[in-house]
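Per full-length UniProt numbering, residue 1 is the first one in the sequence shown, and the count goes up by one each step. Idealized CB from N, CA, C, for every residue including glycine. Bear in mind the structure is a predicted one, so any value in this text is a computation, not a measurement. The structure appears right after this line, and notes come after that.
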Amino acid sequence: MFGENLEMDRDVNDWVAAKFPDAKLSLVVEHPWAKTWRLLSNDQTYFLKQISNAGRLRTSSAVNIAKSFSDIVPRVVEASEELSILAVKDHGGKELRSRTANMALVLPTYARLQAKAIVSNFNADSLPKIQMSALYDALLEFLDSERTGDLREFVPASKFLGSSSARHFHRLFATLRPTLEPHLLKAELLPKTINHCDLRPPNMAKRKDGSIAIFDWDDACWGPAGLSLHAQFSGCVRPHIALNADLSKDHTRSVLEDRDSIDAYITPFVEQSIITAEEMRAHLTWAIVAGALYYVVNFKNYETPKSAARKVIGKNITKRLNSVLDVLDLVAQSDAGEAKRIAETYFSCSQWNRLEQLTKAYGDSLLDLPKLNDTALEESRKPDVFPAITFSDKERECGVCTPDNARLAAKIYREQGAVLLKNALNRTMIEECKEHLFERYGEYFQDKRPKDSLRVGNKRFMITLALAGPLSQPEIFAPPTVMPILERLLSNKLILGSLVAVTSLPGAKTQSRHRDHHALFPEENITPPPFATSVMIPLIEMNEEVGVTRLFKGTHLQPTDVANTMPAQDPVVPVGSCFLMDYRVQHRGMANVSSNKIRPVITLVFQRPWFRDYVNYDNQDRMIISQQDRDAVPQEYRRLLDWK
1 MFGENLEMDR
11 DVNDWVAAKF
21 PDAKLSLVVE
31 HPWAKTWRLL
41 SNDQTYFLKQ
51 ISNAGRLRTS
61 SAVNIAKSFS
71 DIVPRVVEAS
81 EELSILAVKD
91 HGGKELRSRT
101 ANMALVLPTY
111 ARLQAKAIVS
121 NFNADSLPKI
131 QMSALYDALL
141 EFLDSERTGD
151 LREFVPASKF
161 LGSSSARHFH
171 RLFATLRPTL
181 EPHLLKAELL
191 PKTINHCDLR
201 PPNMAKRKDG
211 SIAIFDWDDA
221 CWGPAGLSLH
231 AQFSGCVRPH
241 IALNADLSKD
251 HTRSVLEDRD
261 SIDAYITPFV
271 EQSIITAEEM
281 RAHLTWAIVA
291 GALYYVVNFK
301 NYETPKSAAR
311 KVIGKNITKR
321 LNSVLDVLDL
331 VAQSDAGEAK
341 RIAETYFSCS
351 QWNRLEQLTK
361 AYGDSLLDLP
371 KLNDTALEES
381 RKPDVFPAIT
391 FSDKERECGV
401 CTPDNARLAA
411 KIYREQGAVL
421 LKNALNRTMI
431 EECKEHLFER
441 YGEYFQDKRP
451 KDSLRVGNKR
461 FMITLALAGP
471 LSQPEIFAPP
481 TVMPILERLL
491 SNKLILGSLV
501 AVTSLPGAKT
511 QSRHRDHHAL
521 FPEENITPPP
531 FATSVMIPLI
541 EMNEEVGVTR
551 LFKGTHLQPT
561 DVANTMPAQD
571 PVVPVGSCFL
581 MDYRVQHRGM
591 ANVSSNKIRP
601 VITLVFQRPW
611 FRDYVNYDNQ
621 DRMIISQQDR
631 DAVPQEYRRL
641 LDWK
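Here it is, written out as structure tokens:
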């Protein structure tokens, strides 16, 4: 046996040799959390399992469970708490493959074990105890994409989901906590018992006499009955629907079968006078939901270097979290107050598909959003009108760009080469950036040219900014109301190519008409997509006194001789608004006729990842970012800066 590559530690190898001298082993399965071998000795079959995390305690609890429920749980013949290893007698049956086909046998068997644990006062000292509030804390900690530390002690969800998805789920479940947690607390009203935390068919077998064996109890926990049923139903939705079905009405066969299976699960608890069937049905959904969340959180214990395993775990986590959200959606469809609270969360977290489903059930009155842009596309095509869309206060406060607004703004931009986004930004943050610029870059706001700036006209300078202080806030360098539009224009692989301030000093004269970059493909009869977009954020109102940016919309698609004949538009841009401008569109800064007002405009240039601007950055950096400031950028946004 020792000549084979069995992926076995030397100490375990020695232990097996001492306990089973004639053993023949073959590796059955290797997971991040355990390895299992088939062991043949003296014409007997055993399964040898080595547990990788908190193994000593889990080994002890598995031995205790096997002794206490020997009619259902295969016997542990040898064990070592020190090595976290168990040798379990073969169950003598055929492992199950289908959940549905065997549920009528599995669930009552499992429930009898759980009921026995309650009435026999099973010693659960070695088992983890599940409390709902602590579980929610653990969920948010696991989903926190910015969590750092030793991965051997705690593996965050971002390792399985990616930082963006983990951050998305963290925000969603953190916002939903006041809605979801009170439901979870209902699970505490169910009897506490032993729970198998992976109640899938591969951990069960049907013996020749028709009885069911349930094995692999090393991850068991103590908590409300029903925690593990999500594994039998592949999520939380089916049992919720079955539990809430009005049996006086017609239902599909699958719903009725699920209801029968759940009733078969409930019966042993009722027969032992532990709880009534009505009480069990009233709260069982939320125990199942809690079990799904506990299943998700448990992956914090399992670091794996194998990308394929991480991908599978990520899919399982996503599936279970979405299953929990699906249950909330079903609850909301019969509770208008709940629906409104959940709709607010989905809106603020950009859960558009889920919000659409709720809106179908309740109508547009579910969210009070003014219709601000019904005529924006038509207006943008008028020669004297500068293209614009308007964000509601709610959209701005939540940092949300709805799919409708993103589609509309992108369409207008592609046609016109520019679009004004009214009320898109937080004015307090803009004020902080203004104070920061005048404090840190005051020497640049004088009529002399520092070596590290570019003169872009009379009394006009372009200053490269450091991604630091208020400018390091994602709400500034990657505005959430703007990014969905930019991703439609430049793809979700876009990068932040430069961060500068363009200043106009008092007395600055009007610039010449120009483009920031020539067309990359000037051939006629083609309409190339945008390759770079300037996001212009004025720090004071951009008006006739300090000088607007005069644009010539539509010129981004025209050769110079045609573009030079096209009419101008002079947008007034208040603080808290910004405008997007194609790199190819003709424009000019108008004169600053004020006596004492400096007009600074933060300019973010987003571009396709392959594009580099060698026209405007010949003598200066595109952006300044120290290693310390780079390390402080949330993981989700680092892709914007990876080129730097």
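Residue j beta carbon less than 9 Å from that of residue i
{"i": "residue 240", "j": "residue 330", "result": "yes"}
{"i": "residue 423", "j": "residue 390", "result": "yes"}
{"i": "residue 535", "j": "residue 571", "result": "no"}
{"i": "residue 84", "j": "residue 59", "result": "yes"}
{"i": "residue 430", "j": "residue 255", "result": "no"}
{"i": "residue 222", "j": "residue 192", "result": "yes"}
{"i": "residue 209", "j": "residue 104", "result": "no"}
{"i": "residue 291", "j": "residue 230", "result": "yes"}
{"i": "residue 489", "j": "residue 592", "result": "no"}
{"i": "residue 156", "j": "residue 144", "result": "yes"}
{"i": "residue 236", "j": "residue 334", "result": "no"}
{"i": "residue 553", "j": "residue 573", "result": "no"}
{"i": "residue 486", "j": "residue 465", "result": "no"}
{"i": "residue 268", "j": "residue 115", "result": "yes"}
{"i": "residue 264", "j": "residue 225", "result": "no"}
{"i": "residue 293", "j": "residue 320", "result": "yes"}
{"i": "residue 482", "j": "residue 437", "result": "no"}
Option nearest residue i by Cα separation, candidates the options
{"i": "residue 109", "options": "77, 71 and 174", "result": "71"}
{"i": "residue 601", "options": "501, 611, 362 and 580", "result": "501"}
{"i": "residue 549", "options": "519, 565, 603 and 497", "result": "603"}
{"i": "residue 343", "options": "405, 172 and 299", "result": "172"}
{"i": "residue 161", "options": "51, 562, 317 and 100", "result": "317"}
{"i": "residue 123", "options": "67, 178 and 167", "result": "67"}
{"i": "residue 113", "options": "308, 131, 499 and 272", "result": "272"}
{"i": "residue 262", "options": "253, 242, 270 and 279", "result": "242"}
{"i": "residue 284", "options": "238, 295 and 249", "result": "238"}
{"i": "residue 537", "options": "89, 433, 596 and 631", "result": "433"}
{"i": "residue 338", "options": "97, 633, 358 and 101", "result": "358"}
{"i": "residue 31", "options": "310, 234 and 141", "result": "310"}
{"i": "residue 523", "options": "368, 559 and 540", "result": "559"}
{"i": "residue 654", "options": "214, 460 and 14", "result": "Residue 654 cannot be examined here, being either before or after the span of the chain that is shown, 1 to 644."}
{"i": "residue 459", "options": "435, 154, 477 and 508", "result": "508"}
{"i": "residue 349", "options": "289, 175 and 28", "result": "175"}
{"i": "residue 45", "options": "587, 76 and 52", "result": "76"}
Cβ-based burial, residue i [other Cβ within 10 Å; buried from 16]
{"i": "residue 636", "result": "buried"}
{"i": "residue 20", "result": "buried"}
{"i": "residue 258", "result": "buried"}
{"i": "residue 387", "result": "buried"}
{"i": "residue 526", "result": "exposed"}
{"i": "residue 656", "result": "No answer is possible for residue 656: the residues shown for the chain start at 1 and end at 644."}
{"i": "residue 528", "result": "exposed"}
{"i": "residue 300", "result": "buried"}
{"i": "residue 4", "result": "Annotation note: pLDDT 48 at residue 4 (below 50); position unreliable, coordinate value reported separately. Exposed, by the Cβ-count rule."}
{"i": "residue 493", "result": "exposed"}
{"i": "residue 363", "result": "exposed"}
{"i": "residue 219", "result": "buried"}
{"i": "residue 614", "result": "exposed"}
{"i": "residue 11", "result": "exposed"}
{"i": "residue 497", "result": "buried"}
{"i": "residue 628", "result": "exposed"}
{"i": "residue 626", "result": "exposed"}
{"i": "residue 111", "result": "buried"}
{"i": "residue 646", "result": "There is simply no residue 646 to check, as the chain begins at 1 and stops at 644 in what is shown."}
{"i": "residue 92", "result": "exposed"}
Query raised in the report: Is there contact between the region 574-584 and the region 465-472, where contact requires at least three CB pairs shorter than 8 Å?
Result: no
Requested in this report: Could you pull out every unbroken alpha helix (DSSP H) segment of at least 4 residues lying fully inside the region 455-501, listed in chain order?
Outcome: 474-477 and 483-490
Query raised in the report: Between the region 73-83 and the region 178-193, are three or more C-beta pairs nearer than 8 Å?
Result: no
Report task. Would you check if the region 513-522 and the region 536-545 touch, i.e. whether three or more CB-CB distances between them fall below 8 Å? Result -> no
**Report entry** Inter-stretch contact (C-beta, 8 Å, three-pair minimum) for the region 560-571 and the region 621-640
**Finding:** no
Requested in this report: Taking 8 Å as the threshold, find out whether the region 425-444 comes into contact with the region 402-414 through three or more Cβ pairs.
Outcome: no
Query raised in the report: What beta strand (DSSP E) runs, 3 residues minimum, are completely inside the region 161-240?
Result: 192-195, 204-207, 212-214 and 221-224
Report task. Output the residue ranges of the beta strand (DSSP E) runs that lie fully inside the region 492-567 and measure 3 residues or longer, sorted by chain position. Result -> 495-504, 532-538 and 549-552
Query raised in the report: Whole alpha helix (DSSP H) runs in the region 240-316 with 4 or more residues, listed along the chain?
Result: 253-271 and 277-297
Query raised in the report: Residue ranges of each alpha helix (DSSP H) run of no fewer than 4 residues wholly in the region 88-161, ordered along the chain?
Result: 99-119, 132-143 and 158-161
Query raised in the report: Where are the beta strand (DSSP E) runs, 3 residues long or more, that stay fully inside the region 586-614, in chain order?
Result: 586-589 and 599-607
Report task. Could I get the ranges of all uninterrupted alpha helix (DSSP H) runs contained in the region 357-426, with 4 residues as the minimum, in chain order? Result -> 376-380, 393-398 and 403-416
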